[in-house]
Amino acid sequence: MNLNIFLMNGYGVYVWSSFILTLLACLFLFLKTRKTLEKLEKNFVKETQSLSHEELEDLKKQKVIKEILVSHSKT
Amino acid sequence: MIKFLNPSYVFYLTGKLLNFVKTFILPIAIIGIIFSLFVSPKDYVQGDAVRIMYVHVPSAWISLLCFALISFLCIISFVFKIKSVSLIYKSLAPIGLTFSFVAIVTGSLWGKPTWGTWWAWDVRLTSMLILMIFYIIFISSYKLIKNSHKSSKICALISVLGLINLAIIKYSVDWWSTLHQPSSVNMLGKTTVHFSMLIPLGIMLFAFFLYTALIFLMKYRIETIRVKRKGLKKL
Chain A
4 MNLNIFLMNG YGVYVWSSFI LTLLACLFLF LKTRKTLEKL EKNFVKETQS
54 LSHEELEDLK KQKVIKEILV SHSKT
Chain B
91 MIKFLNPSYV FYLTGKLLNF VKTFILPIAI IGIIFSLFVS PKDYVQGDAV
141 RIMYVHVPSA WISLLCFALI SFLCIISFVF KIKSVSLIYK SLAPIGLTFS
191 FVAIVTGSLW GKPTWGTWWA WDVRLTSMLI LMIFYIIFIS SYKLIKNSHK
241 SSKICALISV LGLINLAIIK YSVDWWSTLH QPSSVNMLGK TTVHFSMLIP
291 LGIMLFAFFL YTALIFLMKY RIETIRVKRK GLKKL
């Protein structure tokens, strides 16, 4: 196996560090955002369940609320 | 135009677009990384160190683009008093902050083998650092100031001041004698990067754009749910 592919004539440490750091930064932001979104959706559904049937039906008339509830049920 | 600013319509669209972006992002990112690390040629002066360009340049461009968009949206929100615009700029700011951080750190990693130093108080480098500080102040201001009217005023002020910094970043390499090289890729002028390097750069830029879209869509949903939760608590 040609090790120079990884060593890159001595520049490997800089090149790989850049790519790994970029990947880690992107992964961190993605996982953090996904966790927050899932938590918020879950809490939102929990809060709507505590409402009366009439209040819930009224809320469902709002497209956004209907979408949140539908998207949560899919996951 | 008004339809695209309607949160319920945008929320519906985010759901559709998220699935589309999720399907394409990983294959495109993998192709981009393979091209950048193994297929693209070495530079005749910088050798393999030039490969850092494939993550450094797209992240720098996206961080600049995000701030320009944020400034435009803040001005719109302040002048026309459209509250829903704040959902968009709040969703863009964390992406811009992440990419400005990536651009600074990868730039430093590129600087060591090419300039012999991790950091220099050069105009381009310093103005990029100032951009990151602007992002931090901007995010802190809408997170800490609860009064939405006051927060939108301060956000507009920060973004307008940041616009001056954006112009400095863009033209610093032309106005001053800097350590940083002048721009090699020009939309209107002559591009000095070879085609064999432009292809991986284009693929990586596209992958970064897809990632930006993915996070933006998720963040937009978060901001919308937060607003709707406030409405629920009032019931």
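So the protein sequences, as listed, match chains A and B. Positions in the first sequence are counted from 1; adding 3 to them yields our numbering. Positions in the second sequence are counted from 1; adding 90 to them yields our numbering. Where is the CB? At the ideal position from N, CA and C, for every residue including glycine.
Using a Cβ cut-off of 7 angstroms (strictly closer), state whether ASN7(A) contacts chain B. False, the Cβ-Cβ gap to chain B never drops below 7 angstroms.
Cα separation between LEU177(B) and GLY137(B)? Near 44 angstroms, if we compare the C-alpha coordinates of GLY137(B) and LEU177(B).
Beta carbon of VAL111(B), beta carbon of ALA246(B): below 7 angstroms? Not closer than 7 angstroms, so no.
If you measure from the beta carbon of SER98(B) to each beta carbon in chain A, is any gap under 7 angstroms? SER98(B) counts as touching chain A.
Buried or exposed by the 16-neighbour rule on C-beta atoms within 10 Å, applied to TRP265(B): Exposed, because fewer than 16 other Cβ atoms sit within 10 Å of the Cβ of TRP265(B).
Does the CB of THR196(B) have a neighbour CB from chain A at under 7 angstroms? At least one chain A Cβ lies under 7 angstroms of THR196(B).
Under a CB-based cut-off of 7 angstroms, is LEU199(B) close to chain A? So, interface residue.
Distance cutoff 7 angstroms, beta carbons only. Does ASP138(B) sit that close to anything in chain A? It does; some Cβ of chain A falls within 7 angstroms.
In chain B, which residues lie less than 8 angstroms from GLN52(A) when you measure between Cβ atoms? Chain B residues near GLN52(A): none, gap ~11 angstroms exceeds 8 angstroms.
For GLU70(A), go through chain B and note every residue whose CB falls closer than 7 angstroms to its CB, in chain order. Contact of GLU70(A) with chain B by beta-carbon distance below 7 angstroms involves PHE101, TYR102 and GLY105.
In the DSSP assignment, what residue or residues form a beta bridge with ASP264(B)? Answer is none; ASP264(B) lacks a bridge partner.
Check distances from the C-beta atoms of the stretch 38–49 of chain A to those of chain B and list, in chain order, the residues that come in under 8 angstroms. Those residues of the stretch 38–49 of chain A that come within reach of chain B (Cβ to Cβ, closer than 8 angstroms) are THR39, LEU40, LEU43, GLU44, ASN46 and PHE47.
Label TYR144(B) either buried or exposed according to how many other C-beta atoms from any shown protein chain fall within 10 Å of its C-beta, with 16 as the threshold for buried. Under the 10 Å beta carbon count, TYR144(B) is surrounded by 16 or more other beta carbons and is classified as buried.
Can you tell me where the alpha helix (DSSP H) with TRP19(A) in it begins and where it stops? Per DSSP, TRP19(A) belongs to the alpha helix (DSSP H) from 15–52.
Could you have a look at GLY137(B) and say whether DSSP puts it in helix, strand or coil? Note: GLY137(B) maps to strand in three-state DSSP.
Chain-ordered chain B contacts of LEU32(A) [CB-CB under 8 angstroms]: Going along chain B in sequence order, the residues near LEU32(A) (Cβ under 8 angstroms) are PRO184, ILE185, THR188 and ILE305.
Would you report the Cα separation of PRO203(B) and ILE244(B), rounded to the nearest angstrom? The alpha-carbon separation between PRO203(B) and ILE244(B) amounts to approximately 41 angstroms.
Burial state of LYS318(B), where buried means 16 or more other Cβ atoms lie within 10 Å: Buried, because 16 or more other Cβ atoms sit within 10 Å of the Cβ of LYS318(B).
Pull up the distance between the alpha-carbon of GLU60(A) and that of ALA297(B), whole angstroms please. Distance between the alpha carbons of GLU60(A) and ALA297(B) is about 41 angstroms.
How far does the alpha helix (DSSP H) with ASP212(B) in it reach, from first residue to last? Where ASP212(B) is concerned, there is no enclosing alpha helix (DSSP H), given that its DSSP letter is neither H nor E.
Could you tell me which uninterrupted alpha helix (DSSP H) segments, each at least 4 residues in length, are contained entirely in the stretch 194–243 of chain B, listed from first to last along the chain? As far as the stretch 194–243 of chain B is concerned, its whole alpha helix (DSSP H) runs of at least 4 residues are 213–234.
Roughly how many angstroms separate the alpha carbons of THR36(A) and TYR310(B), rounded to a whole number? THR36(A) and TYR310(B) have their C-alpha atoms roughly 10 angstroms apart.
Against TYR301(B), what residues of chain A qualify as contacts under a CB-to-CB distance less than 7 angstroms, listed in chain order? Near TYR301(B) (Cβ distances below 7 angstroms), the residues of chain A are CYS29.
Does the pairing of the stretch 253–265 of chain B with the stretch 201–220 of chain B give three or more beta-carbon distances under 8 angstroms? Yes, the stretch 253–265 of chain B touches the stretch 201–220 of chain B.
Could you give the DSSP three-state label for THR104(B): helix, strand or coil? In the structure shown, THR104(B) sits in a helix (DSSP, three-state: H, G or I).
For PRO203(B) and chain A, any beta-carbon pair shorter than 7 angstroms? Chain A, which has a Cβ nearer than 7 angstroms to the Cβ of PRO203(B), makes this yes.
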